[in-house]
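Single-structure report; data block below.
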Amino acid sequence: MPDGVRAVIKGAPREDAMARITTAIGAQDPAGERAAEVLRSAYEAARRLQEAARLEAARAVARAQEQARAEVEAAWAQRLARLDRLLDELADQAPRALGERAAPVVVALALEVARRLVGRAVEQDPELLVRWAQDAAARLHGVTEVVVRANPEDLERLGAPPAERAGLRLVWVPDPSVDGGCVVECGAGLVDARLGTQLETLRERLEEVRGG
């Protein structure tokens, strides 16, 4: 903004003060009236310049903000595009780069995820242990009574284990060596439904799928 305009805007008096000044000048004589009119015109011009400058400053700020916002958005869009390309390249190259070395890691990861999910499921639904015992006993055809060995902590979560379920008598035995799941025994045989055994079966199946 030119210095002269800035000086006019900065020095423009308040409207009520200007009215008092021009009234005092104009009351003296005709020459004073003309001077007051000139002063009023100068004041109005200064006021219009001041308002125009204020509006232009506001528009300039808005333009700068919009430009800055657009520049930031464009920069982030470029970064995200580069990241997408990098992820795509990684997804394409990882299988070829790792090959067979990655397979055992994937299997181990799948087993760990399964172990944690099943362990959390037993914590949230201890009744799951009873269903496992029933499923295991069903593999021992014609059996009406079984001994179910389970971890003491799992039995504690279960509360008072049912003594009978669907015509099958269940005898619960706390066994610290059973880490998750249960072992169902009867005179006709044994079914190992421990979590570790189930995960080992899962591992074997994963290995079969990988090998096939």
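Read left to right, the sequence shown gives residues 24 to 235 (my numbering). Ideal Cβ placement from N, Cα and C applies to all residues, glycine included. For clarity, every value in this text was computed on a predicted model and none was experimentally measured.
Since residue i and residue j are thought to touch, with beta carbons under 8 Å apart, how far apart are those beta carbons, to the nearest angstrom?
{"i": "LEU191", "j": "ALA159", "result": "LEU191 to ALA159, Cβ: 10 Å. No contact."}
{"i": "GLY219", "j": "ASP202", "result": "6 Å"}
{"i": "ARG162", "j": "VAL196", "result": "Contact doesn't hold; Cβ gap of about 19 Å is too wide."}
{"i": "ARG188", "j": "VAL153", "result": "6 Å"}
Using the Cα positions of residue i and residue j, report the straight-line distance between them to the nearest angstrom.
{"i": "GLY204", "j": "ASN174", "result": "8 Å"}
{"i": "GLN101", "j": "GLU94", "result": "11 Å"}
{"i": "ARG217", "j": "VAL206", "result": "6 Å"}
{"i": "GLN90", "j": "ARG77", "result": "20 Å"}
{"i": "VAL169", "j": "TRP155", "result": "13 Å"}
{"i": "GLU150", "j": "THR224", "result": "23 Å"}
{"i": "ALA87", "j": "ALA81", "result": "10 Å"}
{"i": "VAL194", "j": "ALA186", "result": "7 Å"}
{"i": "CYS209", "j": "GLN157", "result": "13 Å"}
{"i": "GLU176", "j": "SER200", "result": "11 Å"}
{"i": "LEU178", "j": "PRO184", "result": "7 Å"}
{"i": "ARG180", "j": "ALA97", "result": "56 Å"}
{"i": "ARG226", "j": "GLY182", "result": "32 Å"}
{"i": "THR167", "j": "ASP148", "result": "25 Å"}
{"i": "ARG92", "j": "ALA85", "result": "10 Å"}
Considering just the uninterrupted stretch of the beta strand (DSSP E) at residue i, what are its terminal residues?
{"i": "VAL169", "result": "168-173"}
Which one or two residues does DSSP pair with residue i in a beta bridge?
{"i": "GLY212", "result": "CYS209"}
{"i": "VAL194", "result": "VAL170"}
{"i": "GLY204", "result": "ARG217"}
{"i": "ARG188", "result": "LEU191"}
Verify the CB distance criterion: does residue i have a CB-CB separation below 8 Å to chain C?
{"i": "GLN90", "result": "No chain C appears in the structure shown, which is made up of a single protein chain."}
Just to confirm the assignment, what range does the alpha helix (DSSP H) spanning residue i have?
{"i": "LEU163", "result": "Taken as a continuous stretch (DSSP letters only), LEU163 belongs to no alpha helix (DSSP H), as it is neither H nor E."}
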